[in-house]
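K.L.:
Numbered by the UniProt record's numbering, the letters in the sequence shown go through residues 1 to 936 in order.
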Amino acid sequence: MAVVALKALKDIWKNVPPNWVGTDPCGNAWDGISCSNNRVVSITLVSVNLSGQLSSDIEGLSELQTLISDECSDRDLSYNKGLTGPLPSAIGNLKKLSSLILVGCGFSGPIPPSIGSLQELVYLSLNSNNFVGEIPPSIGNLSNLYWLDLADNKLSGIIPVSNGSTPGLDMLVNAKHFHFGRNQFSGEIPSQLFSSSLILIHLLLENNQLSGSIPSTLGLVQTLEIVRLDKNSLSGSVPRNLNNLTSVQALFLANNDFTGPLPNLTGMNLLSYMDMSNNSFDPTDIPLWFSSLESLTTLIMENTHIRGQLPVSLFSPFQLQTVILKNNRINGTLNIGSTYSSQLQLIDLQNNLIDGFTQRAGYNVQIILVNNPICDEGGTENYCNIPQNTTPSYSTPPRNCTPISCSSDKISSPTCKCAYPYTGTLVFRAPSFSNFGNSTVFASLQQKMMDTFQSHGQPVDSVFLSNPVKNIYNYLELNLQIFPSGHDFFNRTGITGIGFMLSNQTFKPPPGFGPFYFIGNNYPYFAGLTSGSHKSSSTSVIIGAAVGGSILVILLLLAGVYAFCQKRRAETAAKKSDPFASWDPNTESGGVPQLKGARCFPFEELKRCTNNFNEINAIGTGGYGKVYRGTLPNRQVVAIKRAQHGSTQGGLEFKTEIEFLSRVHHKNVVSLVGFCFDQGEQMLVYEYITNGSLKDSLMGISGISLDWMRRLRIALGAAKGLHYLHDLANPPIIHRDIKSNNILLDERLNAKVADFGLSKLMGEPEKGHVTTQVKGTMGYLDPEYYMTLQLTEKSDVYSFGVLLFELLTARSPIEKGKYIVAVVKDAMDKTKDMYNLQAILDPIVASNMAPRSVEKFVDLALRCVQELGVDRPTMSEVVKEVEIIMEMAGLNPNAESSSTSESYEGKSKEFDHPYTNESLDFAYSGVYSPARLEPK
Ligand SMILES: *[C@@H]1O[C@H](CO)[C@@H](O)[C@H](O)[C@H]1NC(C)=O
Ligand SMILES: *[C@@H]1O[C@H](CO)[C@@H](O)[C@H](O)[C@H]1NC(C)=O
Ligand SMILES: *[C@@H]1O[C@H](CO)[C@@H](O)[C@H](O)[C@H]1NC(C)=O
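1) Which value, in whole angstroms, describes the spacing of the CA atoms of His-726 and Gln-866?
2) Please list, in chain order, all residues of the same chain as Ile-743 whose beta carbon is under 6 angstroms from its beta carbon, the five residues on each side excluded.
3) CB-CB under 7 angstroms to Ala-639, same chain, minus the five flanking residues each way: which ones, in chain order?
4) Is any heavy atom of ligand 3 found at a distance shorter than 7 angstroms from the C-beta of Ser-434?
5) Does DSSP put Met-683 in a helix, in a strand, or in coil?
6) On a Cα-Cα basis, can you pick out the residue from Thr-223, Arg-228, Asn-848 and Leu-97 that is closest to Ala-151?
7) If you draw a straight line from the C-alpha of Ala-895 to the C-alpha of Phe-194, how long is it?
8) Quick one: what's got a C-beta closer than 6 angstroms to Val-821's C-beta in the same chain, skipping five residues either side?
9) For Thr-425, which of Cys-418, Val-469 and Ile-404 has the nearest alpha-carbon?
10) Ligand 1 and Asn-244: does any heavy atom of the ligand fall closer than 7 angstroms to the residue's C-beta?
11) Count Cβ pairs between the stretch 367–384 and the stretch 338–349 that sit closer than 8 angstroms; are there 3 or more?
12) Using three-state DSSP, classify Glu-289 as helix, strand or coil.
13) Start and end of the alpha helix (DSSP H) containing Lys-816?
14) Applying the 10 Å Cβ sphere with the 16-neighbour rule, what's the burial state of Ile-351?
15) Which of helix, strand or coil does DSSP assign to Ala-546?
16) With a threshold of 7 angstroms on Cβ separation, who are the neighbours of Asp-707 within its own chain once the five nearest residues in sequence on each side are excluded?
17) Looking only at its chain, what residues have a beta carbon closer than 6 angstroms to the beta carbon of Val-882, apart from the 5 residues adjacent to it on each side?
18) Just verifying my parser: in three-state terms, what is the DSSP assignment at Gly-157?
19) Do Ile-734 and Met-778 have their C-beta atoms closer together than 8 angstroms?
20) Does ligand 3 have even one heavy atom less than 7 angstroms from the beta-carbon of Asn-438?
21) Can the beta-carbon of Leu-262 be found less than 8 angstroms from the beta-carbon of Leu-293?
22) In whole angstroms, what is the alpha-carbon distance linking Leu-100 and Ile-738?
23) If you draw a straight line from the C-alpha of Gly-692 to the C-alpha of Gly-801, how long is it?
24) DSSP beta-bridge partners for Pro-110?
25) Quick check on this structure: which residue in Ile-111, Gln-119 and Ile-330 has the alpha carbon closest to the alpha carbon of Leu-97?
26) Mind listing, in chain order, the continuous beta strand (DSSP E) runs of no fewer than 3 residues lying wholly within the stretch 597–661?
27) Over the uninterrupted beta strand (DSSP E) stretch that includes Thr-217, give me the two end residues.
28) Going by DSSP, name the residue or residues bridged to Trp-708.
29) Ends of the beta strand (DSSP E) at Phe-513?
30) Given this structure, state the Cα-to-Cα distance separating Ala-643 from Leu-684, to the nearest angstrom.
31) Since Asp-678 is in the beta strand (DSSP E), which residue starts that stretch and which ends it?
32) For the beta strand (DSSP E) containing Phe-483, name the first residue and the last one.
33) By Cβ distance, which residues of its chain are closer than 6 angstroms to Ser-125, with the 5 residues on each side in sequence left out?
34) Pick helix, strand or coil for Gln-790, following the three-state DSSP scheme.
35) Mind checking whether the beta-carbon of Arg-307 lies closer than 7 angstroms to any heavy atom of ligand 2?
36) Is Leu-200 near Phe-178, with beta carbons less than 8 angstroms apart?
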């Protein structure tokens, strides 16, 4: 069977991952390749020193049908130039491309104008290469573009704007990020670039050769949060309407030739970081509005011709950290008063005319008055010396443990384990703070990063941040070490996933850090490559830092373009190379199952994605075997149910089982992602549900608190799921094991019924509805079924009734030898308010404002646990009843749950977000869910 598509890339590129072998990039889980429905949707290669040219790759893509090889590409150890050469014009043919991220490679030559035909492009990052020439005006056609990063290249010419026939960047009305710093752009900033229809939040034009004045239209882009125009040749006066930009947090105008009056920034109440140094403003007395900027952390105005005495109030903004007013004509006596900001760290007033200083005991602020009259007479006070660098530098402290000394290249992690970390440099282009010694700030960065990795299932144990410094471009650089969990090294999948999150902004730093990029170092410690026997492949991985930086991310989102897996399946469905081939049609009469959406996983893939079924990943155990959490190469997190030996069933039954599970699709039922029937294993792969079981929440283990409203919603969701299984699924499914452990809660606390069909997996053939062995869990078991062995839907209704009692009381069905149903019945007095059950009810329920709804709920629960099945309601009746109860409690049963589990912890997404006006959704849409790539 032919390897169709990626083979071509593989043969042209050097140093592709060594597991790019075999016939099916999706099924064989090639590193760096993500698939959705067996289509390649992305290629992500991080820190692997891929090299070669992209031009031939793209040519190759159009010939993918025929290029075939099973050999790994030539491993020429001297070839280490990274991806070089121009970006080929043919890139314009990848019409489905929505993210193109080529960061820190060795690309040169111009950006091809054909890029403007990539209509789906949302995310374009070409920063840190050697691109030359002009910005193609055609980029203006990318109406979906959200992120445009061309920084750190050798681009020149003007910034193109539209003019009748030619497009321009002013047309990018959906863009929020223009990052053009560190190039050689020249000419004026076109006034047409800005209008009130833009929603730009980051405008980064620093370190170019732009001239002329700032167009006053800039003041129309009210969404702006960060404006960097520093290090250009801009001149003229700063437009007076600049202070219309009231969302701006960081404003850099330094190192230009501005003249005229000092801009009046009154009203920019979010402004935190301001640098206007080295301009030729008219000499001005220190403006009073300095002190009115409440959010100010950093005021830098070197050599700006300001004069007069500093007012005491200047030091009062409560977040103020740094004041640098060197080389001005400030005179009089310096008095910082007694109510200065507690975060104040540095006041640098070198080379001014200050002749006095009102000193108070206990100042904890570094003050520099060198080259002022007060120091000119040979003063020896501290403030008359340039201090040696005394700022405490941050580094992540060990987490309640003692660092250990490690052998070889291993490093002791913050959790004091020896491992090979993935290292690199984080660069923040416009932080709005300047105290780089504040551990709180970096601890929150670290926490946010851990949270992001963990919520995306990355195998990260801890992160270590150190040595924050401001570089010559006024960027904050920070060393980053990321430590693996489970093993002492990362595999390629791990590095890919982490690099991806740090490159496409899936990881968003806390507020104040601003836009960033990540330059990763080579990672030579991949699993299995450290042993001597794989010397050559190991070396080929290690060699050669890519030119222009050492991270290399290629993310081509090719959804729909390379449907080769699909195609191949259609062509050769029954052939040996098919992923289902392990399903031997000779011994099992069934052949290939008829599946709806469920995928066949090779055993090796599931083994890999659970770290060889590592105990760390085990999330549940039962008679049938264990459930593991795993992360597929496409980053989807899944729950893998692995039948233990002895619990497996015949191939035919397993096949029937899967066929029937793959037809089950309901929003209140956990859906099957795929299965594995390979090497004697039988596994079912389900979607992973974030918030765990209802049991965990009721027991207070998950930390999610469930008020009455939520419990009603969960009851309704679970009832609907069960109703679906009973009445709408074909054939109908009797769950047989309804209990709070089997009701899972997703991120919005929607209930999902899990674990149906489990008993079948346990190898028990089912004839009609009569079973030979009673299955279920004590406490939930229908007594009628237990006595008669007659299994009906009503047995599930009974268990559901017990579940309702659990929701009411948050108690286990059998606690201290007492059965919950009996306990409730005994205590109940229908003549009293809430049936006199306050003492038994969970306090959250007992304190509820709609006691009638609780009573109705108790009535319903009691009906469900009637002794005889015929007396119990059907699930469809239960659904209706719960809806009525919800209405009584003032809830709209048809409304989708809007709150997330997060809101319980009091976290608001807005608050979490570094760029206040930006929708959080985008970042998570990456390749994980191509369907959501429409920009907002
Ligand atoms: C700055 O602008 C504010 C409001 O627009 C105004 O009240 C104030 O007088 C101005 N200050 C100077 C120094 O021009
Ligand atoms: C400080 O400078 C201002 C403006 O140049 C001037 O008016 C004032 O007299 C000076 N004050 C002192 C104490 O020298
Ligand atoms: C560090 O930053 C936090 C949060 O911004 C702030 O509350 C705290 O006062 C700062 N600490 C110092 C010593 O500046």
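Glycine included, C-beta positions come from ideal geometry on N, C-alpha and C.
Everything numeric in this text was worked out from a predicted model, so none of it was measured.
P.N.:
Judging by the given coordinates:
1) Within the sequence shown, residue 726 is the residue found at index 726, counting from 1. Within the sequence shown, residue 866 is the residue found at index 866, counting from 1. Going from the Cα of His-726 to the Cα of Gln-866 covers about 19 angstroms.
2) Within the sequence shown, numbered from 1, the residue matching residue 743 stands at position 743. Here the set comprises Leu-694, Ala-718 and Ala-751.
3) On the sequence shown, position 639 is the one that residue 639 refers to. Cβ neighbours of Ala-639 beyond the five flanking positions: Ile-619, Val-627, Arg-629, Tyr-686 and Tyr-688.
4) The count along the sequence shown starts at 1 and reaches residue 434 at position 434. Result no, Cβ not under 7 angstroms from ligand 3.
5) As a first step, residue 683 must be located in the sequence shown, where it is residue number 683. In the structure shown, Met-683 sits in a strand (DSSP, three-state: E or B).
6) Residue mapping note: residue 151 aligns to position 151 of the sequence shown, counting from 1. Closest option to Ala-151, Cα to Cα, is Arg-228.
7) Here residue 895 corresponds to residue number 895 of the sequence shown, with the count starting at 1. Here residue 194 corresponds to residue number 194 of the sequence shown, with the count starting at 1. Answer to the nearest angstrom: the Cα atoms are 41 angstroms apart.
8) In the sequence shown, residue 821 corresponds to position 821, counting from 1. Contacts found: Val-865.
9) Within the sequence shown, the letter at position 425 stands for residue 425. Closest option to Thr-425, Cα to Cα, is Val-469.
10) Taking the first residue of the sequence shown as 1, we reach residue 244 at position 244. No, Cβ of Asn-244 sits at least 7 angstroms from all heavy atoms of ligand 1.
11) yes
12) Indexing the sequence shown from 1 puts residue 289 at position 289. For clarity, residue 289 is Trp in the given sequence; the question names Glu instead. Helix, per DSSP.
13) Within the sequence shown, numbered from 1, the residue matching residue 816 stands at position 816. Careful: Lys-816 lies outside any alpha helix (DSSP H) and carries neither H nor E.
14) Mapped onto the sequence shown, residue 351 falls at position 351. Note on residue identity: the sequence assigns Asn, not Ile, to residue 351. By the neighbour-count rule (16 or more Cβ atoms within 10 Å), Asn-351 is buried.
15) Counting from one through the sequence shown, the residue named residue 546 turns up at place 546. Confidence at Ala-546 is low in this model, with a pLDDT of 25, below 50, so the placement of that residue is unreliable and no value is reported for it.
16) Numbered from its first residue, the sequence shown carries residue 707 at position 707. The answer, listed in chain order, is Ile-844.
17) Position 882 of the sequence shown, counted from the start, is the residue given in the question as residue 882. Within the same chain, Val-882 has close Cβ partners Ala-715, Leu-716 and Ala-719.
18) As a position in the sequence shown, residue 157 is number 157, starting the count at 1. Gly-157 falls in the strand class under three-state DSSP.
19) The sequence position of residue 734 within the sequence shown is 734, counting from 1. The sequence position of residue 778 within the sequence shown is 778, counting from 1. Not closer than 8 angstroms, so no.
20) Against the sequence shown, residue 438 aligns to sequence position 438. Yes, Cβ of Asn-438 sits closer than 7 angstroms to a heavy atom of ligand 3.
21) To locate residue 262, count along the sequence shown from 1; it is residue 262. To locate residue 293, count along the sequence shown from 1; it is residue 293. Not a contact, by the Cβ cut-off of 8 angstroms.
22) Counting from one through the sequence shown, the residue named residue 100 turns up at place 100. Counting from one through the sequence shown, the residue named residue 738 turns up at place 738. Cα to Cα, Leu-100 sits roughly 47 angstroms from Ile-738.
23) Locating residue 692 in the sequence shown gives position 692, where the first residue counts as 1. Locating residue 801 in the sequence shown gives position 801, where the first residue counts as 1. Distance between the alpha carbons of Gly-692 and Gly-801 is about 21 angstroms.
24) Within the sequence shown, numbered from 1, the residue matching residue 110 stands at position 110. According to DSSP, Pro-110 bridges with Val-132.
25) Within the sequence shown, numbered from 1, the residue matching residue 97 stands at position 97. The shortest Cα separation from Leu-97 among Ile-111, Gln-119 and Ile-330 belongs to Gln-119.
26) 618–622, 625–631 and 637–643
27) On the sequence shown, position 217 is the one that residue 217 refers to. Counting along the chain, Thr-217 falls outside any beta strand (DSSP E), and DSSP gives it neither H nor E.
28) Counting from one through the sequence shown, the residue named residue 708 turns up at place 708. Per DSSP, none; premise fails for Trp-708.
29) In the sequence shown, counting from the first residue as 1, residue 513 sits at position 513. Note, Phe-513: premise wrong, no beta strand (DSSP E); not H, not E.
30) To locate residue 643, count along the sequence shown from 1; it is residue 643. To locate residue 684, count along the sequence shown from 1; it is residue 684. Rounded to the nearest angstrom, the two C-alpha atoms are 8 angstroms apart.
31) Along the sequence shown, one-based indexing puts residue 678 at 678. Here the beta strand (DSSP E) through Asp-678 covers 672–678.
32) Stepping through the sequence shown from its first residue, residue 483 is reached at position 483. Element bounds for Phe-483: 476–484.
33) For the purposes of this step, residue 125 is taken as residue 125 along the sequence shown, with counting starting at 1. Here the set comprises Ile-101, Val-103 and Asp-149.
34) As a position in the sequence shown, residue 790 is number 790, starting the count at 1. DSSP places Gln-790 in strand when its eight states are reduced to three.
35) For the purposes of this step, residue 307 is taken as the residue at position 307 of the sequence shown. Yes, ligand 2 has a heavy atom inside 7 angstroms of this Cβ.
36) Residue numbering aside, residue 200 sits at position 200 when the sequence shown is read from its first letter. Residue numbering aside, residue 178 sits at position 178 when the sequence shown is read from its first letter. Cβ atoms of Leu-200 and Phe-178: closer than 8 angstroms.
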